[in-house]
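**Q**
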Amino acid sequence: MAGQSLKWMVLVATIWIQAFTGTNFDFSAYSSDLKSVLAISQVQLNYLAVASDLGKAFGWSSGLALLYLPIWTVLFIAASFGFVGYGLQWLVIRNLISLPYILVFLLCLLSGLSICWFNTVCFVLCIRNFTTNRSLALSLTISFNGVSAALYTLAAGAFRTSTASASASGPTYLLLNAALPLLVSAAALLPILRQEQRQPPRWIPPETAAHDSVLFLLLNAFAFLTGLYLLLLDASSAAPSVDRLLFGGTLLLLVLPLCVPGVICARDWAHRTITSSFCINGGASGFNLVDIDELELHKSLLIKEDEEEKWRWWRCCWKNDRMTMLGEEHGASKLVRRIDFWLYYAAYFCGATVGLVYINNLGQIAQSLGRYSDTATLVTVYSACSFFGRLFSSAPDFLRGKIYFARTGWLALALMPMPVAFFVLAGSDSLHALTAATALIGLCSGFIFAAAVSVTSELFGPESVGVNHNILITNIPLGSLLYGLLAALVYDANEGSSSFVTSPSNDGAVICMGRKCYGETFVTWGCISMFGMAASVALFLRTKPVYDRFERDRIAMPLV
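Throughout the sequence shown, residue numbering follows mature numbering (1 follows the signal peptide of the UniProt record, and there is no 0), covering -21 to -1, 1 to 539 in sequence.
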């Protein structure tokens, strides 16, 4: 019984970790300051964003570390990477130390690596503790990673002095990026340590799985309230006292999920108390209708039957490189020989990764359109909508009993609004268009970020998800380099033909102003995301028979 409440405490701990470790999403909030202090071009600034994403290419190292080190050690190594990477950048941007460009590049890479290590820790904790509702646990916790930028915007406003403007808080973001993940890791340490001392149950009763689904629905409701709170309230208030109040409200909403393990503990205590009241002479009760030995024998038979069914259930084979059943474990060499993997890779590379590059450039995009003062608000809109997109990725699981649709099909649907958003940006420079397009891109990319972990687990095996998902996200640094370089080259090419203005830090640097700065980039990104949508549709058509068979077998074998 104690294990049931403990696994929910671990889930809340992963929610906290994810909420405060999506530090790559606030790059646009301080990128202009970093560009001015280092006196670099837009292309060089793009390379720093690439360095942060390049850390994901070394994400396999976190999985390797988990083979030899306990989870809590890997967690604090990740926190140390971020503390050093962001902390030294803060010293640079505050002009307290001076570092060459190449060292700043390596610091960005180290910071990006910390995010990947945090994510791997959270994935492993969810998979170990929620074997039945794995996809629900993953989508819920990953969704909170999307809200990080909005959280840091509130935190930066809360720690801002009354004389400082909201647009001058770039250094504060770097300081918070360094300190908050370390503090949150310390707060999440206790349940993680206790979890490592317990072995997860080999068999989950059907009634427990159903009860867990109800609790996940409750937690998703809490998450939805958190997203609405961050989206509807003004995160760029001119009064720091108001920002502190809003930030305090956000922390309260993040503490609310602790009610779930509390309710479970109270229920278990009541169950033990009521049950013990009927026990006489060492537990022999007149209400005991089943012999204990027979009950244990029945459980052992159920466990054996369940394991045999799962073995038949997850077995799969390939005919003409087409999957006929879900769940076969794929090693790296086997993975890269599958057409389905490369369609999946292309859909991610030309979809969610484009959205990530967009948020990296959002500071310069807003600045070029004369909306620099709205950067914090735009970052909050992207963050909150990315959060909702991640949250909505659990819809296939909640709607499964009424509407069944392959998860790869949901992936294709999520990509459809993204080209529209980029073409809207190319056609209009109004604040309303910029905000609406930012919201759409956040929703689409957020859904894909969260759903991808479950898709990887279903298509290529749950036990190999740590390695296989890190192989998948190698597309992020590649896309960040190519798409970001394209944007930077177009930006620098139009700098001379646009209005000449000084940067917000008044250091005399010339910045690009006008729709030409990113117009061609938006059109190109829109076309790329259309290709990603086509790849996701092809993946759906190839895997739809597999998912349909999976669902038929699931209905026929309810114990699985």
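Beta carbons are placed, not taken as given, at the ideal position from N, Cα and C, and that holds for glycine.
1. List the endpoints of the continuous alpha helix (DSSP H) containing residue 559.
2. Going residue by residue through the segment 392 to 429, where are the continuous alpha helix (DSSP H) segments of at least 4 residues, counting only ones entirely within it?
3. Beta-carbon within less than 6 Å of V434's beta-carbon, same chain only, minus the 5 sequence neighbours each way: which residues are those?
4. Suppose the cutoff is 6 Å on Cβ atoms and the five residues either side in sequence are ignored; what does the same chain contact list for A412 look like?
5. Is the Cβ-Cβ distance between G429 and S122 less than 9 Å?
6. Judging by CA-CA distance, which residue of A28, L(-11), L17 and D32 is the nearest neighbour of L169?
7. Exposed or buried, A363, counting other C-beta atoms within 10 Å across all chains shown (16 or more means buried)?
8. With a threshold of 9 Å between beta-carbons, can D471 be considered close to chain D, or not?
9. Going along the chain, which residues of its own chain have a beta-carbon closer than 8 Å to the beta-carbon of F84, five neighbours each way excluded?
10. With a threshold of 6 Å on Cβ separation, who are the neighbours of S373 within its own chain once the five nearest residues in sequence on each side are excluded?
11. Could you tell me whether the segment 310 to 330 touches the segment 508 to 521, using the rule of 3 or more Cβ pairs below 8 Å?
12. Within a Cβ cutoff of 8 Å, which residues of the same chain sit near V126, ignoring the five residues on either side of it in sequence?
13. Span of the alpha helix (DSSP H) holding K14?
14. Could you check how far apart the C-beta atoms of D222 and G136 are, in whole angstroms? I think they sit under 8 Å.
15. Can the beta-carbon of S93 be found closer than 9 Å to that of A129?
16. Grouping DSSP H, G and I as helix and E and B as strand, with all else coil, what is Y383?
17. Can you tell me the Cβ-Cβ gap for L438 and L322, rounded? I've got them flagged as a contact below 8 Å.
18. Take every Cβ of the segment 221 to 239, pair it with every Cβ of the segment 375 to 394, and state whether three or more of those distances are shorter than 8 Å.
19. Identify, in the order they occur along the chain, each residue of the same chain with its Cβ nearer than 6 Å to the Cβ of L89, setting aside the five sequence neighbours on each side.
20. What's the call for S10, buried or exposed, on a 16-neighbour Cβ count within 10 Å?
21. Take A517 and list the residues in its own chain whose beta-carbon comes closer than 8 Å to its own, dropping the five residues that flank it on each side.
22. Just tell me which of M492, C496, I450 and N449 has its CA closest to the CA of L468.
23. Assuming contact is defined by CB atoms lying nearer than 9 Å, are residue 560 and Q21 in contact in what I supplied?
24. Is the beta carbon of I420 less than 9 Å from the beta carbon of G342?
25. Could you give the C-beta distance for L120 and T(-8), rounded to a whole number, given that I count them as a contact under 8 Å?
26. What residue does the alpha helix (DSSP H) around V336 start on, and which one ends it?
27. To the nearest angstrom, how far is the alpha carbon of N340 from that of F519?
28. Shortest alpha-carbon distance to F529 belongs to which of L162, C101, L104 and E307?
29. Compute the Euclidean distance between the alpha carbons of A157 and K381, then round it to the nearest angstrom.
30. Who are the near neighbours of F426 in its chain, counting only those whose CB is closer than 7 Å to its CB and skipping five residues on each side?
31. Could you tell me if N124 is buried or exposed, where buried requires 16 or more neighbouring beta carbons within 10 angstroms of its beta carbon?
32. May I have the straight-line CA-CA distance separating F195 from L54, to the nearest angstrom?
**A** Considering the structure as presented:
1. Only positions -21 to 539 of the chain appear in this structure, which leaves residue 559 out of reach.
2. 396 to 406
3. Taking the first residue of the sequence shown as position 1, residue 434 is located at position 455. The answer, listed in chain order, is R386.
4. Here the question's residue 412 lines up with position 433 in the sequence shown. Excluding positions up to five away in sequence, the list reads V403.
5. Within the sequence shown, numbered from 1, the residue matching residue 429 stands at position 450. Within the sequence shown, numbered from 1, the residue matching residue 122 stands at position 143. Note on residue identity: the sequence assigns Ala, not Gly, to residue 429. Yes.
6. Walking along the sequence shown from the start, residue 169 turns up at place 190. Closest option to L169, Cα to Cα, is L(-11).
7. As a working mapping, residue 363 is identified with position 384 in the sequence shown. That one is buried.
8. The chain inventory of the structure shown lacks chain D, comprising one protein chain alone.
9. Here residue 84 is taken as the residue at index 105 of the sequence shown, counted from 1. If we look at F84 and ignore the five residues flanking it on each side, its Cβ neighbours are Y26, L27 and A30.
10. By 1-based counting over the sequence shown, the position of residue 373 is 394. Hits under 6 Å: L115 and S118.
11. yes
12. In the sequence shown, counting from the first residue as 1, residue 126 sits at position 147. Once the five neighbours on either side are set aside, the close Cβ partners of V126 are A(-3), G1, T205, G206, L209, S362, A363, S365 and F366.
13. Within the sequence shown, the letter at position 35 stands for residue 14. Segment F6 to L17, the alpha helix (DSSP H) holding K14.
14. The sequence position of residue 222 within the sequence shown is 243, counting from 1. The sequence position of residue 136 within the sequence shown is 157, counting from 1. Their Cβ separation, rounded to whole angstroms, is 3 Å, which keeps D222 and G136 in contact under 8 Å.
15. Here residue 93 refers to the residue found at position 114 when the sequence shown is read from its first residue. Here residue 129 refers to the residue found at position 150 when the sequence shown is read from its first residue. Their beta carbons are not under 9 Å apart, which means S93 does not touch A129 by this criterion.
16. Counting from 1 along the sequence shown, the entry for residue 383 is found at position 404. Coil, per DSSP.
17. For the purposes of this step, residue 438 is taken as residue 459 along the sequence shown, with counting starting at 1. For the purposes of this step, residue 322 is taken as residue 343 along the sequence shown, with counting starting at 1. Actually they are not in contact, since the Cβ atoms of L438 and L322 sit about 10 Å apart, beyond 8 Å.
18. no
19. Locating residue 89 in the sequence shown gives position 110, where the first residue counts as 1. Closer than 6 Å at the Cβ level, and outside the excluded window around L89, lie F60 and G64.
20. On the sequence shown, position 31 is the one that residue 10 refers to. Answer is buried; the Cβ neighbour count reaches 16.
21. Locating residue 517 in the sequence shown gives position 538, counting from the first residue. If we look at A517 and ignore the five residues flanking it on each side, its Cβ neighbours are L322.
22. Sequence index remark: in the sequence shown, residue 468 carries index 489 (1-based). If we check each option's Cα against that of L468, C496 comes out closest.
23. Any answer about residue 560 is impossible in this case: the structure gives the chain only from -21 up to 539.
24. Within the sequence shown, numbered from 1, the residue matching residue 420 stands at position 441. Within the sequence shown, numbered from 1, the residue matching residue 342 stands at position 363. Not a contact, by the Cβ cut-off of 9 Å.
25. Residue numbering aside, residue 120 sits at position 141 when the sequence shown is read from its first letter. Residue numbering aside, residue -8 sits at position 14 when the sequence shown is read from its first letter. According to the sequence shown, residue 120 is Thr rather than Leu. Rounded, the Cβ-Cβ distance is 5 Å, consistent with contact.
26. By 1-based counting over the sequence shown, the position of residue 336 is 357. It spans A331 to S347 - the alpha helix (DSSP H) in which V336 sits, taken as one unbroken run.
27. As a position in the sequence shown, residue 340 is number 361, starting the count at 1. As a position in the sequence shown, residue 519 is number 540, starting the count at 1. The alpha-carbon atoms of N340 and F519 are separated by roughly 31 Å.
28. The count along the sequence shown starts at 1 and reaches residue 529 at position 550. Considering only alpha carbons, the answer is E307.
29. Position 178 of the sequence shown, counted from the first residue, corresponds to residue 157. Position 402 of the sequence shown, counted from the first residue, corresponds to residue 381. Roughly 45 Å between the two C-alpha positions.
30. Locating residue 426 in the sequence shown gives position 447, where the first residue counts as 1. G368, R369, F371, S372 and A393.
31. Locating residue 124 in the sequence shown gives position 145, where the first residue counts as 1. Counting Cβ neighbours within 10 Å, N124 comes out buried, since at least 16 surround it.
32. The sequence position of residue 195 within the sequence shown is 216, counting from 1. The sequence position of residue 54 within the sequence shown is 75, counting from 1. Between F195 and L54, the C-alpha separation is close to 25 Å.
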